[in-house]
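Enquirer:
Protein chains in written order, with my numbering: chain U, 1 to 117; chain R, 1001 to 1115.
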């Protein structure tokens, strides 16, 4: 069975300082991992994804994440926060079902990023 | 051009009523999904269709019935609405059938309030 733990429900940073949103996963097979962002009253948008290629993945808006199999982590970082980054962030694990075929994406509970001026 | 659209955006109704939410995607994707997001922002997949065939059916009350008239549309019908059905419902689509690596494209959501 797969699962995702987002270690912080809220992260508060000042504009211009680094962002770190933590995600740990559990998976029986070779997972794909995603980060999605949800701005207030909007749908989700993909930031980046890892699908077994390079372990350091670059996404949109200056975000990146590193897949660390030994630590079962996929933390999201950004060197310098912007006010427009304030949103809800979701880590998602997606794995091949034991019997093959369909997969079921599992979402973390989300981390709310607050950016102070 | 909206890639994944949902109607209505807001839905307020009484307990016991039956309602539908419509979803359309113009991306040419093969797979569509319904998710429920509760008041604590937790997202859970409900259903997934690939080319009009049901491929994921999570533990959802049978009052919820998805219908896919064609691969561009996936509607959600809810019978006998209950207070606990109040949530934001998101439709999404992705290109492939296996979907393990596919990006999902989400609609703007439908906020359902059951009184």
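Even for Gly, the Cβ is constructed at its ideal location relative to N, Cα and C.
Tell me, please, whether the CB atom of residue 113 of chain U is closer than 8 Å to any CB atom in chain R?
Expert: The sequence position of residue 113 of chain U within the first chain is 113, counting from 1. It does not: the Cβ of residue 113 of chain U has no partner Cβ on chain R nearer than 8 Å.
Enquirer: Alpha carbon to alpha carbon, how far is residue 1045 of chain R from residue 1035 of chain R? Give it in angstroms, no decimals.
Expert: Here the question's residue 1035 of chain R lines up with position 35 in the second chain. Here the question's residue 1045 of chain R lines up with position 45 in the second chain. Computed Cα separation, rounded: 4 Å.
Enquirer: For residue 1080 of chain R, which three-state DSSP category applies?
Expert: Here residue 1080 of chain R refers to the residue found at position 80 when the second chain is read from its first residue. Residue state, collapsed to three classes: coil.
Enquirer: Please confirm if residue 1028 of chain R has its CB atom under 8 Å from at least one CB of chain U.
Expert: For the purposes of this step, residue 1028 of chain R is taken as residue 28 along the second chain, with counting starting at 1. Chain U, which has no Cβ nearer than 8 Å to the Cβ of residue 1028 of chain R, makes this no.
Enquirer: Just to confirm my understanding: we take residue 1020 of chain R, look at its own chain, exclude 5 residues before and 5 after, and list those with CB closer than 8 Å. What are they?
Expert: On the second chain, position 20 is the one that residue 1020 of chain R refers to. 1075, 1076, 1077 and 1078, listed in sequence order.
Enquirer: Assign residue 83 of chain U to one of three DSSP states: helix, strand, or coil.
Expert: For the purposes of this step, residue 83 of chain U is identified with residue 83 of the first chain, where counting begins at 1. In this structure, residue 83 of chain U counts as helix in the three-state DSSP scheme.
Enquirer: By DSSP, does residue 114 of chain U sit in helix, in strand, or in coil?
Expert: On the first chain, position 114 is the one that residue 114 of chain U refers to. Collapsing the DSSP output to three states places residue 114 of chain U in a strand.
Enquirer: Are residue 38 of chain U and residue 90 of chain U closer than 8 Å when you measure CB to CB?
Expert: The residue given as residue 38 of chain U occupies position 38 in the first chain. The residue given as residue 90 of chain U occupies position 90 in the first chain. Cβ distance < 8 Å, so residue 38 of chain U and residue 90 of chain U count as in contact.
Enquirer: In whole angstroms, what separates the C-alpha of residue 1173 of chain R from that of residue 1049 of chain R?
Expert: An answer regarding residue 1173 of chain R cannot be provided, because it is not within the stretch 1001 to 1115 covered by chain R.
Enquirer: Please report the straight-line C-alpha distance between residue 34 of chain U and residue 66 of chain U, rounded to a whole angstrom.
Expert: One-based indexing of the first chain puts residue 34 of chain U at position 34. One-based indexing of the first chain puts residue 66 of chain U at position 66. Looking at the two C-alpha atoms, the distance is approximately 11 Å.
Enquirer: Between which two residues does the beta strand (DSSP E) carrying residue 1050 of chain R extend?
Expert: As a working note, residue 1050 of chain R is residue 50 in the second chain. 1043-1050 is the extent of the beta strand (DSSP E) around residue 1050 of chain R.
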